[in-house]
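Here is the structure we will look at, set down as C-alpha cells.
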Amino acid sequence: LFKYAGVHYCDARWIRLEHLLSIKNNGVIKLGKNNLTIPDINKFLHHWMNSEYDLFDCMTIDIVKGATVDLNVLFRGITVLIGSLA
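Using UniProt numbering, the first residue of the sequence shown is number 1, and each one after it goes up by one.
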C-alpha cells in the first residue's frame, strides 16, 4: 500500500486511518479525494509525532474545497504556535 518511494492516489476514498498508521519510510505521499475525517487526521498526526520511525519525507492530504476545518479538532492535544500573516 505505502511500500513505495512515492505514492499518489488521485482517488483515495478507500484509504482509512488504519492504512495511514501502517506508513513507514516513504518518500512523497499524496492523497487526493478521500473520506478521512478531521479526527482521523488528528489521530494520524499524534501517531506521526510519537513514531520512532521516519514515516515520510512529504505528505499531502486533500480536503474538500470550501470545507471548514475546525483547527481545534485537527490539532487537539498538540501544541501549536500561532503567528500572524501580517
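Backbone N, C-alpha and C fix where the C-beta goes; we use that ideal spot for every residue, glycine too.
Judged by beta-carbon spacing, V64 lies beyond the 8 Å limit of I38, meaning their Cβ atoms are not closer than that value. Apart from the 5 residues on each side of it in sequence, G27 sits with its Cβ closer than 6 Å to the Cβ of A5, G6, D57 in its chain, given in chain order.
Counting only runs of 3+ residues, the beta strand (DSSP E) found wholly inside the segment 24-50 occupies 28-34, in chain order. The three-state reading of DSSP puts V7 in strand, counting E and B together. With fewer than 16 other Cβ atoms from the protein chains shown falling within 10 Å of its own Cβ, A67 counts as exposed.
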